[in-house]
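**Q**
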Amino acid sequence: MFNNLEIHHLKTLEALYYYKSVANAAEKLNISQQAISLKLNKMRNIFGDQLFLRQDNSLVPTEYTHKILPYVTNVLENIHNIPLPSALKLCEINRTLVISATDYAQKVLITPLIRKLSKEAPNVQLIVCNIEVASLAKKMAIGNIDLAITSYGYVPEGLLATPIHTESYRCLSGNTSTSNTQPMSLKELVEFDFIVTNPGTGNLKGSADYWFEKQNLSRKIIMSAPSFDMTKAFLKNTNMVAFIPSRLLPCDGLNEIILEKYPPGYEVVATYHPRSKDDILINWVLKEMAKHSN
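With this note's numbering, you'll find the sequence shown wraps up at 328, consecutive numbering, no jumps.
1. Quick one: Cα of residue 204 to Cα of residue 150, how far?
2. Helix, strand or coil for residue 135, going by three-state DSSP, please let me know.
3. Is it true that the region 243-255 meets the region 208-215, where meeting means three or more beta-carbon pairs spaced less than 8 Å apart?
4. Where residue 208 and residue 269 are concerned, what is the direct C-alpha to C-alpha distance, given to the nearest angstrom?
5. What are the boundary residues of the beta strand (DSSP E) that includes residue 199?
6. By how many angstroms is the C-alpha of residue 186 removed from the C-alpha of residue 37?
7. Let me make sure I understand the geometry here. Which of 167, 178 and 177 has the alpha-carbon closest to that of residue 191?
8. What are the complete beta strand (DSSP E) segments, minimum 3 residues, inside the region 60-141?
9. Under the rule that 16 or more other beta-carbon atoms within 10 Å means buried, what is residue 51, buried or exposed?
10. Let's test the definition: count the other Cβ atoms within 10 Å of the Cβ of residue 95 and tell me whether it reaches 16, buried, or not, exposed.
11. Please look up how many angstroms separate the CB atoms of residue 181 and residue 311, rounded, as I've assumed it's under 8 Å.
12. Run through DSSP, which three-state label would residue 263 get?
13. How many whole angstroms separate the CB atoms of residue 278 and residue 256, which I take to be in contact at a CB cut-off of 8 Å?
14. Cβ of residue 106 within 8 Å of Cβ of residue 178?
15. Identify every run of the alpha helix (DSSP H) within the region 225-290, keeping only runs that are complete inside it and at least 4 residues long; order them along the chain.
16. Is there contact between the region 86-93 and the region 54-66, where contact requires at least three CB pairs shorter than 8 Å?
17. Pick from 145, 76 and 46: whose alpha carbon is nearest that of residue 64?
18. Using a Cβ-Cβ cutoff of less than 6 Å, which residues in the same chain neighbour residue 142 once the five nearest sequence positions on both sides are dropped?
19. Which two residues bound the contiguous beta strand (DSSP E) that contains residue 182?
20. On the DSSP bridge list, what partners appear for residue 164?
21. Considering residue 319, what are the terminal residues of the alpha helix (DSSP H) in which it resides?
22. Should the region 98-114 be called in touch with the region 286-306, which here means at least 3 C-beta pairs below 8 Å?
23. What number of angstroms, rounded off, separates the C-alpha of residue 319 from the C-alpha of residue 123?
24. Quick check on residue 165: buried or exposed, where buried means 16 or more other Cβ atoms within 10 Å of its Cβ?
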């Protein structure tokens with residue numbers, strides 16, 4: 035019945051009720067008398083009632099207007115009392131936060147966050163899911179994921195990204211014979227079989243392949259693992275080697291191979307939908323993650 039009713043209609047009705055004339059209501063709302071008259075005619079059609087009757091130089095509310103005024107006042111008061119995002123406090127937020135992340139981000143960034151989150155925002159529930167790649171933009175657009183921790187190369191078009199920290203790689207092996215005190219050359223390194231880690235995508239390519247090509251070298255990738263935890267587990271049971279982010283070291287049962295040169299690192303970023311740009315919870319999480327990464 036009231037699908038076409040808008041807030042400005044209610045403000046006009048309230049002003050006409052208390053100021054009892056089109057001229058006075060127009061002055062109060064800082065709009066023209068013609069605009070007031072048009073809004074009144076629109077409301078008469080919406081409510082199916084005259085709402086105000088002219089008597090001498092005043093407008094007299096109908097019985098129906100007297101009846102609905104408390105509802106109108108209540109609606110306007112509730113709208114006026116809606117807090118601005120900047121006025122919200124973390125402890126007042128009651129919602130579920132969904133973060134998509136690799137096992138690396140879960141350990142390095144989310145684990146330190148949990149205790150602080152439960153203290154500062156006790157009414158926030160946290161869901162952590164494995165990293166999304168193909169459907170990340172879609173799931174963020176419909177609100178299924180609030181935040182994703184990834185690298186710049188995996189940020190879909192249309193999403194925002196905030197840098198968290200820069201990560202570097204180390205080379206690990208489960209083979210004790212690879213322990214060295216003198217840096218190993220890259221020519222020696224590519225004689226080993228490699229495991230690469232590709233969270234969210236299964237393929238036999240790694241982020242360091244292009245770098246090896248620039249060194250005029252190629253490596254032999256034998257296996258792709260879905261997480262760094264699985265990569266480390268496989269290394270312990272093979273003679274293969276793999277690049278592991280430095281913040282996941284040390285690793286029990288694995289040896290670090292000191293190299294002459296290392297592949298370039300990468301910038302870890304948090305990506306989110308543009309509508310979350312001013313979200314107080316998202317911004318707090320981003321600051322906390324950056325704080326714990328330093």
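All C-beta atoms in this analysis are idealised placements derived from N, C-alpha and C, irrespective of residue type, glycine included. Everything numeric in this text was worked out from a predicted model, so none of it was measured.
**A** With the given structure in hand:
1. 30 Å
2. strand
3. no
4. 5 Å
5. 194-201
6. 44 Å
7. 167
8. 86-89, 92-95 and 129-135
9. buried
10. buried
11. With 8 Å as the limit, residue 181 and residue 311 do not qualify as a contact, their Cβ atoms being about 12 Å apart.
12. helix
13. Residue 278 to residue 256, Cβ: 16 Å. No contact.
14. no
15. 243-248 and 262-269
16. yes
17. 46
18. 281
19. 181-185
20. 135
21. 314-327
22. no
23. 13 Å
24. buried
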